[in-house]
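Reviewing the structure listed below.
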Amino acid sequence: MRLINTRTLKMQEFISRPPPYAILSHTWGKGEVSIQDFHSLPLREKKQGFSKIKATCQQARNQGLDYAWVDTCCIDKTSSSDLGEAINSMFKWYRDSAVCYAFLEDIPSEDSTPDETTRNTTTLGFGHSRWFTRGWTLQELIAPSRVEFYNRSWQQIGGKKELATSLATATGIDAFILDGTGDLGQVSVGRRMSWAVDRETAREEDIAYSLLGIFNVNMALIYGEGARAFLRLQEKILQHSDDHTIFAWRGSPLSVNREEARGLFATSPNEFRNFL
């Protein structure tokens with residue numbers, strides 16, 4: 005596991021158990037810093053995405069943490085083996101973090117001295133952030149025990165446990181999962197699938213790969229297989245579970261009206277909408 009030293013901004017690799025670290029959850033945008041960019045000081049400074057890496061490290065330092073993990077630059081995406089290991093380990097890495105910073109770049113800054121009404125309005129409205137529409141951020145919300153939400157100016161909105169009710173409304177995730185009083189094993193497969201309804205990923209296969217940790221399964225990555233990835237995910241789940249709610253999906257009217265056979269499995273998480 006590669007981690008950024010928050011004091012030197014240099015990358016370090018840990019083969020065995022890593023030291024305590026902060027981890028970033030965010031939505032990708034223009035000018036993200038790759039691992040290759042990160043190792044070139046002049047290049048990374050020019051990238052738009054470097055500002056949130058520095059802010060993550062600054063916040064971690066403020067909380068006494070010497071290391072941080074950011075997906076854009078801590079994974080070598082040019083290496084299929086590195087990417088495969090990272091995606092299959094992602095849930096664990098978020099779960100084992102000391103704290104996860106959920107950076108909501110599209111949530112505006114508050115006034116320097118916001119009154120209670122302004123703060124409450126911001127807190128209630130944060131659920132409309134693009135962050136809540138992405139596939140990968142689902143596990144990034146569920147896995148860590150401690151998640152702190154920040155707006156575009158890195159002002160804290162609140163923590164996962166204190167915002168559990170608002171988060172449950174925004175995401176459909178059961179509040180007892182968000183506040184830490186329950187665990188994923190208490191939730192049916194169908195219900196867990198429903199949490200990914202309407203979430204999007206840049207690549208079709210990633211909607212399946214982003215759910216691996218939520219179902220505690222591992223799977224080889226085959227980019228280019230398209231919708232087949234979600235079918236393979238369901239096959240993997242059945243190898244480890246006898247929960248028949250995996251078959252309780254409902255096809256869309258369009259798919260039902262087609263004169264073609266449907267298999268036992270759903271074609272996407274959206275067909276588990278009936279569990280919401």
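With our numbering applied, the sequence shown closes on residue 280, and no number is skipped along the way. All residues carry an ideal CB built from backbone N, CA and C; glycine is no exception. In this text the structure is predicted, and so the values were computed from the model without any measurement.
Report the option in 242, 31, 170 and 99 whose CA atom is closest to the CA atom of residue 150. Taking the sequence shown and counting its residues from 1, one reaches residue 150 at position 146. Comparing Cα positions, the closest option is 99.
What span of residues does the alpha helix (DSSP H) with residue 193 cover, start to end? In the sequence shown, residue 193 corresponds to position 189, counting from 1. Membership of residue 193 in the alpha helix (DSSP H) is indicated by the continuous run 193–198.
Any contact between the region 21–37 and the region 71–89? By contact I mean 3 or more CB pairs, one from each, below 8 Å. Touching, yes, given that three or more Cβ pairs across the two stretches are closer than 8 Å.
Between which two residues does the beta strand (DSSP E) carrying residue 107 extend? Translated into the one-based positions of the sequence shown, residue 107 becomes position 103. Here the beta strand (DSSP E) through residue 107 covers 103–107.
Bridge-paired residues (DSSP) for residue 160: Taking the first residue of the sequence shown as position 1, residue 160 is located at position 156. DSSP lists 154 as partners of residue 160.
For residue 238, the three-state DSSP class (helix, strand or coil): By 1-based counting over the sequence shown, the position of residue 238 is 234. DSSP places residue 238 in helix when its eight states are reduced to three.
Would you report the Cα separation of residue 227 and residue 215, rounded to the nearest angstrom? Sequence index remark: in the sequence shown, residue 227 carries index 223 (1-based). Sequence index remark: in the sequence shown, residue 215 carries index 211 (1-based). Computed Cα separation, rounded: 16 Å.
Residues near residue 137 in its chain [Cβ-Cβ closer than 8 Å; skip 5 each side]: Counting from one through the sequence shown, the residue named residue 137 turns up at place 133. The beta carbon of residue 137 sits closer than 8 Å to the beta carbons of 202, 203 and 204 from its chain, once the five residues preceding and following it are set aside; these are given in chain order.
Does the region 132–147 come into contact with the region 90–99, if we say contact requires no fewer than three beta-carbon pairs (one atom in each stretch) closer than 8 Å? yes
For the ligand MN, is there any heavy atom lying closer than 7 Å to the beta carbon of residue 177? Looking for the ligand MN in the displayed structure turns up nothing, as the structure carries no ligands at all.
Using a Cβ-Cβ cut-off of 6 Å (strictly less than) and excluding sequence neighbours within five positions of residue 211, which residues of its own chain qualify? Within the sequence shown, residue 211 is the residue found at index 207, counting from 1. Closer than 6 Å at Cβ, skipping near neighbours: 139 and 205.
Residues in its own chain within less than 6 Å of residue 88 by CB, not counting five upstream and five downstream? Numbered from its first residue, the sequence shown carries residue 88 at position 84. So the qualifying residues of the chain are 225.
Please classify residue 14 as buried or exposed, where buried requires at least 16 neighbouring CB atoms within 10 angstroms. Position 10 of the sequence shown holds residue 14. It counts as exposed.
Pull up the CB-CB distance for residue 234 and residue 271, whole angstroms please, since I reckon it's below 8 Å. Translated into the one-based positions of the sequence shown, residue 234 becomes position 230. Translated into the one-based positions of the sequence shown, residue 271 becomes position 267. About 7 Å; that satisfies the 8 Å criterion.
How is the alpha helix (DSSP H) around residue 140 delimited, first residue to last? To locate residue 140, count along the sequence shown from 1; it is residue 136. Its alpha helix (DSSP H) spans residues 140–146.
Looking only at its own chain, which residues have a Cβ that is under 8 Å from the Cβ of residue 231, when we skip the five neighbours before and after it? Locating residue 231 in the sequence shown gives position 227, counting from the first residue. Result list for residue 231: 208, 271 and 272, in chain order.
Which same chain residues end up closer than 6 Å to residue 196 when comparing Cβ atoms and leaving out the 5 residues on each side of it in sequence? Within the sequence shown, numbered from 1, the residue matching residue 196 stands at position 192. Answer for residue 196: 218, listed in chain order.
On the CB-based measure, 16 or more other CB atoms within 10 Å of its CB, does residue 42 come out buried or exposed? Translated into the one-based positions of the sequence shown, residue 42 becomes position 38. Buried, by the Cβ-count rule.
For the alpha helix (DSSP H) that residue 63 lies in, which residues bound it at each end? Within the sequence shown, residue 63 is the residue found at index 59, counting from 1. Here the alpha helix (DSSP H) through residue 63 covers 54–66.
To which residues of the same chain is residue 120 closer than 8 Å at the C-beta, ignoring the five residues directly before and after it? Walking along the sequence shown from the start, residue 120 turns up at place 116. Low per-residue confidence applies at residue 120: pLDDT is 47, beneath 50, and the placement is therefore not dependable, though the value from the model is reported in the following sentence. Cβ neighbours of residue 120 beyond the five flanking positions: none.
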